[in-house]
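Sequential numbering from -16 applies to the sequence shown in our numbering. Built from N, CA and C at the ideal position, the CB exists for glycine as well. Remember, it's a predicted structure, so these values are computed and weren't measured experimentally. Accompanying notes for the structure given below.
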Amino acid sequence: MESLLYPVRNRFRDERKLDGLWRFSFDREEKGEGDGWTKGLPKSAINMPVPASFNDFFTDKESRDYCGTFWYECDFYAPAKQEGKKTYIRFGSVTHRATVYVNGVEVGSHEGGFLPFVLDVSDAVNFEGNNTLVVKANNELDETTLPCGNVSTLKNGKKLVKPYFDFFNYAGIHRSVWVMTVGEESITDYDVITETVGDKAVVKVRLEAVSASGKSLKGSAYLTDRSGCQICDAVFEMKHDEEKGVYSGEACFEVDEPNLWDIKNPYLYGIEFDLLSDGQEIDSYEDKIGIRTIEIKGTDILLNGKPIYLKGFGKHEDFDIIGRGFNYGIAKRDFECMKWIGANCFRTSHYPYAEEWYRFADEEGFLIIDEVPAVGMMRSFFNFMDAGSGGKYTYFFETDTVPKLKENHLNAVREMITRDKNHPSVISFSLFNEPETISTFAHDYFKDIFEYARELDPQKRPLTGALEKTSSPDKCQCYPFCDFISLNRYYGWYISGGSELSDARELFIEEMDKWKALNLNKPFVFTEFGADTLATEHKLPSVMWTQEYQNEYYDMNFEIFDKYDFVKGELTWNFADFQTSEGTFRVAGNKKGVFSRNRQPKDIAFKLKDRWENTNNL
Ligand code: CKU
-16 MESLLYPVRN RFRDERKLDG LWRFSFDREE KGEGDGWTKG LPKSAINMPV
34 PASFNDFFTD KESRDYCGTF WYECDFYAPA KQEGKKTYIR FGSVTHRATV
84 YVNGVEVGSH EGGFLPFVLD VSDAVNFEGN NTLVVKANNE LDETTLPCGN
134 VSTLKNGKKL VKPYFDFFNY AGIHRSVWVM TVGEESITDY DVITETVGDK
184 AVVKVRLEAV SASGKSLKGS AYLTDRSGCQ ICDAVFEMKH DEEKGVYSGE
234 ACFEVDEPNL WDIKNPYLYG IEFDLLSDGQ EIDSYEDKIG IRTIEIKGTD
284 ILLNGKPIYL KGFGKHEDFD IIGRGFNYGI AKRDFECMKW IGANCFRTSH
334 YPYAEEWYRF ADEEGFLIID EVPAVGMMRS FFNFMDAGSG GKYTYFFETD
384 TVPKLKENHL NAVREMITRD KNHPSVISFS LFNEPETIST FAHDYFKDIF
434 EYARELDPQK RPLTGALEKT SSPDKCQCYP FCDFISLNRY YGWYISGGSE
484 LSDARELFIE EMDKWKALNL NKPFVFTEFG ADTLATEHKL PSVMWTQEYQ
534 NEYYDMNFEI FDKYDFVKGE LTWNFADFQT SEGTFRVAGN KKGVFSRNRQ
584 PKDIAFKLKD RWENTNNL
């Protein structure tokens, strides 16, 4: 069973979180396996919180910047053995890859640091006593991994990771770990498609299950309203799909006078699936769904048939000390800040976030552009500034790396869509961030990525990808794949900043006029624009990096957005200041935040609040 369903606990299923204080060791010489660490870490292992990045707990550089293999260990007691049940370990994510051992037995591995994986540990678990769970993890990057990067070796022999992207390469067990018990005959997946017809909603549901014994299965489902009252039910005839080795069935609900899920009233219905064999209930799964439609019509993005304008942010999973580890408190503060400022949307730049973000957004009424970790497909993040002036267009040429890169990319797309497809908050999938898009190689590569995603998403949501400036209207070969065009633009920052702002304005208009002339009849969304700003700096008249300049920069950008009626969204870069690799381009991190890293507003936040709350046409 490879079921990515979020863990639930009910009369057929058990889930327990293994979060807490684990044991941890770096493995600088790659000796762990030879020294038997698969059975348990050495005495020298140190304490390490899970979930969290390991990096910023340390007070020495060598540990913070560690690049290579590292190990985690914890003890757990499995839920009691039950006939017909299997035991699984589920990781929300391990960055960037992991191999897992239970009591010394290898139970599986996973590549990719931002999506969950589930391993069957039934045969390795001791149900009578304590179990040792060991994770061998690694944070190295190369040109086939998502995200892309490489590893260099210093003269002293120390390895250093070189990300081709602009965020710190945080690593560790970033999300919750669960031990779960699920039946051998069980629900493994479901899809929901919602449509509205007049004052009715049609909810089409597909249920998927496995039956280890080959016994025939039947499914049923019912919907409940907010007060828990059952409002309709359906029965599934489950048919065996030989090829996939699963059973699946479809059913349809009709909901009279539905409460549609939207930004102001994010109404969620309860859905419960029951699985039956020989008339006996053998499994059930509960979740919440929203009834809403999302589509593109001409230059409009329609939510429930009404045009919307996206207002919000590109974000990061990033915070002081815990790095990229998920924390409900920080998510709560972020949602409060986003509500306060009048935002309605965020992009999970540049990777799928912890599942809890999406569940939270469903509840709070936020729209999400969900992005796969395809970032850095330009060899270095500096390339977005110099690629336009010559040369480095070759990311998709090298045949020895591209097949593996593509395989990883397709896998991440599959895992992301499988995990997130039922969230009403997810209005779009973004399949890349700023790759090279102007060669025929890039065209052919992304053609397949988009086709695959279209096939996989039951809701057929709009697809997009964030384009940087070398993906210009006359050169970009990949924008035709996008249902709406996402632009990352820095006129007034990387291009003609400071006293040259008036030139930036003209260059910006020049580019926008070219897009306009293409008459694409598609919405455009700015998925990035922003200026680095130190929360401490003020200067009259402004200079770059001051809060005054951030305001002027935004004013110019808003003027341009408002000039073109096909612009249907503005997601600033970034919600908050965030950690990056060190270097001359970054002042202890990227400072383009509208909020500081500890989530306090810069001056620009008040301008945005005013615009987003009070401008009628947005
Ligand atoms: C951002 C063309 C801009 C690329 N964009 C990517 C994003 O990850 C960076 O943080 C630029 C920046 O430079 O602040």
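Say the cut is 6 Å; is the CB of residue i nearer than that to a heavy atom of ligand 1?
i: residue 560; result: no
i: residue 575; result: yes
i: residue 301; result: no
i: residue 494; result: no
i: residue 149; result: yes
i: residue 471; result: yes
i: residue 13; result: no
i: residue 451; result: yes
i: residue 417; result: yes
Give me the residue from the options with the minimum Cα distance to residue i.
i: residue 172; options: 196, 258, 121; result: 258
i: residue 211; options: 269, 388, 230; result: 269
i: residue 312; options: 448, 593, 28, 343; result: 343
i: residue 453; options: 473, 434, 435; result: 473
i: residue 2; options: 63, 116, 43; result: 116
i: residue 86; options: 100, 578, 114; result: 114
i: residue 553; options: 469, 320, 590; result: 469
i: residue 585; options: 597, 530, 182, 514; result: 530
i: residue -3; options: 36, 13, 358, 73; result: 73
i: residue 267; options: 310, 522, 81, 205; result: 205
i: residue 129; options: 298, 501, 384; result: 384
i: residue 551; options: 265, 282, 224; result: 282
i: residue 581; options: 476, 287, 320; result: 320
i: residue 98; options: 423, 147, 336; result: 336
i: residue 240; options: 132, 161, 274, 558; result: 274
i: residue 490; options: 476, 235, 503, 246; result: 476
i: residue 573; options: 418, 516, 537; result: 516
i: residue 253; options: 175, 165, 478, 578; result: 175
Classify residue i as helix, strand or coil using the three-state DSSP reduction.
i: residue 64; result: coil
i: residue 364; result: Any answer about residue 364 is weak, because its pLDDT of 46 lies below 50 and its placement is not dependable; what the coordinates show is given next. Residue 364 falls in the coil class under three-state DSSP.
i: residue 104; result: coil
i: residue 533; result: helix
i: residue 394; result: helix
i: residue 93; result: strand
i: residue 611; result: Given a span of -16 to 601 for the chain in the structure shown, any question on residue 611 remains unanswerable.
i: residue 462; result: helix
i: residue 402; result: helix
i: residue 82; result: strand
i: residue 37; result: coil
i: residue 3; result: strand
i: residue 385; result: helix
i: residue 481; result: helix
i: residue 21; result: helix
i: residue -9; result: coil
i: residue 142; result: strand
i: residue 14; result: coil
i: residue 322; result: helix
For the beta strand (DSSP E) holding residue i, just list the boundary residues, first then last.
i: residue 219; result: 213 to 220
i: residue 447; result: 446 to 450
i: residue 161; result: 160 to 166
i: residue 52; result: 52 to 59
i: residue 115; result: 114 to 121
i: residue 350; result: 350 to 354
i: residue 98; result: No beta strand (DSSP E) holds residue 98; DSSP gives it neither H nor E.
i: residue 455; result: It is not in any beta strand (DSSP E) - residue 455 carries neither H nor E in the DSSP assignment.
Which two residues bound the contiguous alpha helix (DSSP H) that contains residue i?
i: residue 434; result: 423 to 439
i: residue 597; result: 586 to 597
i: residue 47; result: 44 to 47
i: residue 499; result: 484 to 500
i: residue 345; result: 338 to 347
If we define contact as Cβ-Cβ less than 7 Å, is residue i a contact residue for chain C?
i: residue 411; result: Protein chain content of the structure displayed is limited to a single chain, and chain C is not contained in it.
Uninterrupted beta strand (DSSP E) stretches inside the stretch 272 to 319 (no shorter than 3 residues)
Listed in chain order, the beta strand (DSSP E) elements of length 3 or more contained wholly in the stretch 272 to 319 are 277 to 280, 283 to 286, 293 to 297.
Uninterrupted beta strand (DSSP E) stretches inside the stretch 186 to 264 (no shorter than 3 residues)
Counting only runs of 3 or more, we get 201 to 207, 213 to 220, 222 to 224, 229 to 239, 252 to 260.
Minimum length 4: unbroken alpha helix (DSSP H) runs contained in the stretch 503 to 587:
The qualifying runs are 530 to 546.
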